[in-house]
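To start, the structure itself, in structure tokens.
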Amino acid sequence: MADPIPMKAVSRRTVLKGIAGTAGLVTVPAIIAACSDAGSSSAPAGSPASAAPTAAESAVATGSISFGSNYSDEVPKNAMQQMVDAFTAETGIDVAVNTVEHGTFQDQISSYLQGTPDNVFTWFSGFRMRFFAAQGLAEPITDVWGTVGSNYSEAFKVGSTGDDGEQYFLPIYNYPWAVFYRKSLFEENGYTPPANLDEFKTLAARMQSDGLVPMAFGDSDGWPAMGTFDIINLRQNGYDFHVGLMAGTEKWTDDRTKQVFTVWKDLLPFYQEGAAGRTWQDAAQALVQKQAGMYLLGMFVSEQFVAAGAGEVDDLDFFPYPNFGTQYDGEKALDAPIDGFMLAKNSPTLGANLDGAKAFMEFMSKGSTQNIYTAANPGVVAAANDADPSGYNALQQKAVELISGAQRITQFLDRDTNPNFAGPNGMQAFLLDFIQNRDQDLNAFTQKIQDFWDTL
Amino acid sequence: MGNPGTRSVAPALPGSTGGAGATAIPGRVRRRYSLLTGRDKLVLGLMVGVPLVLDIIFIWGPTIVSGFISLTNWNGIGSPFDAEFLGLKNYENLFTAYPFFWPALTHNIVWLAWLMLIATPIGMFLAVLLDREIRGTRFYQTIFYLPVVLSLAVIGIIWKLQYAPEQGFINNALGRTANDNLIDWLGNPDLNIWAALIATSWRHVGYIMVLYLAGLKAFDPALREAAKVDGASERQTFFRIVFPVMMPINVVIVVITTIEALRAFDIAYIINRGKNGLELLSTLITNNAISESNRLGFGSAIAVVLLVISIVPIIAFLVRMLRNDET
Numbered sequence: 021m022a023d024p025i026p027m028k029a030v031s032r033r034t035v036l037k038g039i040a041g042t043a044g045l046v047t048v049p050a051i052i053a054a055c056s057d058a059g060s061s062s063a064p065a066g067s068p069a070s071a072a073p074t075a076a077e078s079a080v081a082t083g084s085i086s087f088g089s090n091y092s093d094e095v096p097k098n099a100m101q102q103m104v105d106a107f108t109a110e111t112g113i114d115v116a117v118n119t120v121e122h123g124t125f126q127d128q129i130s131s132y133l134q135g136t137p138d139n140v141f142t143w144f145s146g147f148r149m150r151f152f153a154a155q156g157l158a159e160p161i162t163d164v165w166g167t168v169g170s171n172y173s174e175a176f177k178v179g180s181t182g183d184d185g186e187q188y189f190l191p192i193y194n195y196p197w198a199v200f201y202r203k204s205l206f207e208e209n210g211y212t213p214p215a216n217l218d219e220f221k222t223l224a225a226r227m228q229s230d231g232l233v234p235m236a237f238g239d240s241d242g243w244p245a246m247g248t249f250d251i252i253n254l255r256q257n258g259y260d261f262h263v264g265l266m267a268g269t270e271k272w273t274d275d276r277t278k279q280v281f282t283v284w285k286d287l288l289p290f291y292q293e294g295a296a297g298r299t300w301q302d303a304a305q306a307l308v309q310k311q312a313g314m315y316l317l318g319m320f321v322s323e324q325f326v327a328a329g330a331g332e333v334d335d336l337d338f339f340p341y342p343n344f345g346t347q348y349d350g351e352k353a354l355d356a357p358i359d360g361f362m363l364a365k366n367s368p369t370l371g372a373n374l375d376g377a378k379a380f381m382e383f384m385s386k387g388s389t390q391n392i393y394t395a396a397n398p399g400v401v402a403a404a405n406d407a408d409p410s411g412y413n414a415l416q417q418k419a420v421e422l423i424s425g426a427q428r429i430t431q432f433l434d435r436d437t438n439p440n441f442a443g444p445n446g447m448q449a450f451l452l453d454f455i456q457n458r459d460q461d462l463n464a465f466t467q468k469i470q471d472f473w474d475t476l
Numbered sequence: 021m022g023n024p025g026t027r028s029v030a031p032a033l034p035g036s037t038g039g040a041g042a043t044a045i046p047g048r049v050r051r052r053y054s055l056l057t058g059r060d061k062l063v064l065g066l067m068v069g070v071p072l073v074l075d076i077i078f079i080w081g082p083t084i085v086s087g088f089i090s091l092t093n094w095n096g097i098g099s100p101f102d103a104e105f106l107g108l109k110n111y112e113n114l115f116t117a118y119p120f121f122w123p124a125l126t127h128n129i130v131w132l133a134w135l136m137l138i139a140t141p142i143g144m145f146l147a148v149l150l151d152r153e154i155r156g157t158r159f160y161q162t163i164f165y166l167p168v169v170l171s172l173a174v175i176g177i178i179w180k181l182q183y184a185p186e187q188g189f190i191n192n193a194l195g196r197t198a199n200d201n202l203i204d205w206l207g208n209p210d211l212n213i214w215a216a217l218i219a220t221s222w223r224h225v226g227y228i229m230v231l232y233l234a235g236l237k238a239f240d241p242a243l244r245e246a247a248k249v250d251g252a253s254e255r256q257t258f259f260r261i262v263f264p265v266m267m268p269i270n271v272v273i274v275v276i277t278t279i280e281a282l283r284a285f286d287i288a289y290i291i292n293r294g295k296n297g298l299e300l301l302s303t304l305i306t307n308n309a310i311s312e313s314n315r316l317g318f319g320s321a322i323a324v325v326l327l328v329i330s331i332v333p334i335i336a337f338l339v340r341m342l343r344n345d346e347t
């Protein structure tokens with residue numbers, strides 16, 4: 021049998037790190053300068069006296085904690101390290117950071133959490149979080165939330181809560197999925213962001229006649245198409261149906277699900293051909309090079325613009341996915357995946373380091389801490405209410421506006437549903453099949469998806 | 021050490037696939053003729069026993085546990101013995117409901133057929149050509165062998181870049197990079213397996229070439245000269261003389277090709293993690309069992325199916341090897 025060679029699949033995590041890998045280069049020197057004397061004298065971020073002094077003080081005695089991180093690319097790793105250093109500077113607690121390549125980290129998460137994990141580990145909100153909480157592999161941090169809860173909106177609290185009502189997760193940032201475009205291209209051609217589906221189609225048709233590919237698209241990794249499914253389903257059928265579908269209480273064979281694919285089918289002629297063999301990075305290049313007019317993706321698309329040259333990212337803008345004229349328009353729902361930290365219950369040293377680990381969580385909940393990260397990685401925005409948006413670039417400021425205006429927020433299909441269902445031999449394959457055989461019988465197609473779900 | 025004397029040697033001990041067991045050991049010599057001292061027996065016992073124990077712990081133990089896990093719905097958390105016991109449900113599911121199993125099996129068979137009928141013969145053909153001491157033979161040997169030193173993972177990355185829709189060399193060379201005429205080598209599910217097979221062959225051909233070339237170098241030139249004297253053409257010499265005489269090497273090559281086809285994994289996994297036309301049994305196992313997905317029971321069922329398929333050529337190979345030893 022083959023020796024499976026662990027390889028990194030490009031995921032949104034990879035992407036985020038990549039963004040920082042390039043974008044962060046601009047800002048990191050400033051942070052390094054700011055933090056260079058952190059170890060000796062002043063804490064660079066946050067005033068020690070203000071937030072949560074009790075936990076921090078009691079934790080000083082415990083001395084150290086361990087932290088498993090999947091922020092393995094250079095700049096996100098550095099950005100994470102800056103936050104960790106700020107924590108050590110303020111509390112005197114040493115943090116042993118154990119960084120694992122992110123693809124490996126995700127593939128091995130089950131065995132990692134069952135073995136001898138670190139006290140704190142990086143993870144995602146959504147089903148992926150609730151699953152490990154329900155398996156008893158995560159330590160609840162409800163008491164931490166009692167202290168820091170007021171610094172988060174209700175949506176973040178819901179996204180941090182397990183099936184048993186306890187909180188297990190501490191968010192540090194998120195990022196929106198929206199339709200990205202180049203301002204200069206829109207100005208040159210007199211395009212305006214569409215408000216509804218008809219305008220969207222009209223604009224796409226105009227781009228096509230102008231010799232542009234209206235929608236850039238690359239689905240070689242399998243997950244980017246999920247973003248399109250999510251947003252069409254949210255606009256067409258609303259948040260409740262979408263969540264029910266992800267949880268299995270609604271059926272894929274439902275007429276409403278078929279309607280999603282019908283809408284999508286009408287849009288597919290505007291999409292870039294050959295998507296199944298193209299990475300999202302290559303699709304983003306079509307947008308960078310003004311061959312494509314628009315691109316529905318997470319804000320990490322900015323990485324490709326930062327890499328394209330100085331000032332290119334300033335030309336990048338986005339608009340929320342157009343309304344469909346349904347009753348769900350008011351929800352302004354969107355995918356805005358949250359990343360953050362959890363505590364590993366099986367960690368052998370967690371008992372001794374629990375106070376320190378919770379102090380770490382409290383420190384990470386502060387806006388001033390999260391701003392260290394958002395400065396280094398302009399593809400994301402801080403999760404805390406008291407984060408200072410003044411250091412944000414225009415894209416980040418608009419992202420904050422978009423996310424805070426949303427009445428309903430989802431994580432992303434593969435974070436919201438069973439990973440057994442969402443993988444390469446699952447929903448990824450079904451969506452690729454649909455994109456390439458758009459005229460197939462939707463009854464049979466959705467039946468195939470439902471049958472697969474039923475075997476899980 | 022082993023002293024078979026004139027007595028014919030008993031067949032190798034059952035289960036002794038480890039190193040020491042395969043050498044001639046008079047395991048069933050009757051006591052009164054025994055030439056072995058107690059110390060010899062102890063040493064031999066250890067030499068057979070230690071590999072046997074290791075073999076059981078590291079090969080057969082996990083295999084049997086895999087077989088057991090395949091009967092459960094174990095999700096990788098906790099003990100597999102606490103998981104729900106499903107009987108043959110996973111297998112039923114696999115053969116009747118799982119939409120990716122039969123495509124994967126078909127792709128493995130296509131993989132095998134391609135390597136056996138196209139890549140391997142090309143490798144043998146190159147070996148025959150290079151054996152003729154044409155000018156620059158060393159240079160060509162190096163060129164063709166070079167891909168073999170690369171791991172398949174690296175080869176996957178190299179070819180993925182070549183096949184990329186807009187940025188890749190192949191589409192650019194063909195001038196097929198526009199939105200309305202590009203060739204989606206890795207995305208089109210009818211095309212990508214052939215693209216992957218070409219990438220695999222790039223390495224496989226060199227591998228077979230070197231193996232066969234080594235055999236040809238050891239070929240007795242007198243046989244070839246005799247054929248020439250008898251007026252045989254080059255073609256006749258190869259097919260009537262060289263090929264039959266090289267039969268042991270041919271068997272090795274067939275077995276290696278079969279194993280390569282069954283363990284095909286790396287390139288498909290690197291291209292797209294084995295989906296959308298590139299499903300293989302090995303990638304299905306990985307995606308179900310060794311990933312964030314938690315279907316270890318189901319993944320083990322696929323692994324058991326692959327094991328059963330793999331055992332057939334292995335047994336054929338072993339039977340052949342053991343028979344050769346006896347003669």
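Chains as they are written, first to last, in the numbering used here: chain A, 21 to 476; chain B, 21 to 347. All residues carry an ideal CB built from backbone N, CA and C; glycine is no exception. Being a predicted model, the structure only gives us computed values, none of them experimental.
Buried versus exposed call for residue i [16 or more other C-beta atoms within 10 Å across all chains shown]
i: residue 54 of chain B; result: exposed
i: residue 159 of chain B; result: exposed
i: residue 380 of chain A; result: buried
i: residue 110 of chain A; result: buried
i: residue 174 of chain A; result: exposed
CB contact below 8 Å: residue i versus chain A
i: residue 312 of chain B; result: yes
i: residue 184 of chain B; result: yes
i: residue 336 of chain B; result: no
i: residue 322 of chain B; result: no
i: residue 120 of chain B; result: yes
i: residue 111 of chain B; result: no
Contact test: residue i Cβ vs the ligand MG heavy atom, cutoff 7 Å
i: residue 364 of chain A; result: Although the ligand MG was asked about, the structure shown includes no ligands whatsoever.
Endpoints, beta strand (DSSP E) assigned at residue i
i: residue 371 of chain A; result: Counting along the chain, residue 371 of chain A falls outside any beta strand (DSSP E), though it belongs to the alpha helix (DSSP H) covering 370-384.
i: residue 197 of chain A; result: 197-202
i: residue 446 of chain A; result: Premise fails: residue 446 of chain A is in no beta strand (DSSP E) and is neither H nor E.
i: residue 234 of chain A; result: 233-235
i: residue 263 of chain A; result: Counting along the chain, residue 263 of chain A falls outside any beta strand (DSSP E), though it belongs to the alpha helix (DSSP H) covering 244-267.
Beta-carbon proximity of residue i to residue j, cut-off 8 Å
i: residue 161 of chain A; j: residue 187 of chain A; result: yes
i: residue 106 of chain B; j: residue 93 of chain B; result: yes
i: residue 117 of chain B; j: residue 304 of chain B; result: no
i: residue 75 of chain B; j: residue 176 of chain B; result: no
i: residue 321 of chain B; j: residue 111 of chain B; result: yes
i: residue 400 of chain A; j: residue 423 of chain A; result: no
Sheet register partners of residue i (DSSP bridge)
i: residue 84 of chain A; result: A/114
i: residue 191 of chain A; result: A/360
i: residue 429 of chain A; result: A/354
i: residue 337 of chain A; result: A/201
i: residue 318 of chain A; result: A/197
i: residue 402 of chain A; result: A/193
i: residue 216 of chain A; result: A/343
i: residue 291 of chain A; result: A/235
Min CB distance residue i to chain B below 8 Å
i: residue 321 of chain A; result: no
i: residue 226 of chain A; result: no
i: residue 452 of chain A; result: yes
i: residue 92 of chain A; result: no
i: residue 293 of chain A; result: yes
i: residue 445 of chain A; result: yes
i: residue 69 of chain A; result: Confidence in residue 69 of chain A is poor, its pLDDT being 37 and thus under 50, which makes the residue's placement too unreliable to answer from.
i: residue 468 of chain A; result: yes
i: residue 298 of chain A; result: yes
Residue i, enclosing alpha helix (DSSP H) - first and last residue
i: residue 307 of chain A; result: 300-308
i: residue 134 of chain B; result: 121-134
i: residue 92 of chain B; result: Element bounds for residue 92 of chain B: n/a, residue is neither H nor E.
i: residue 144 of chain A; result: Here residue 144 of chain A belongs to no alpha helix (DSSP H); instead the beta strand (DSSP E) covers 140-144.
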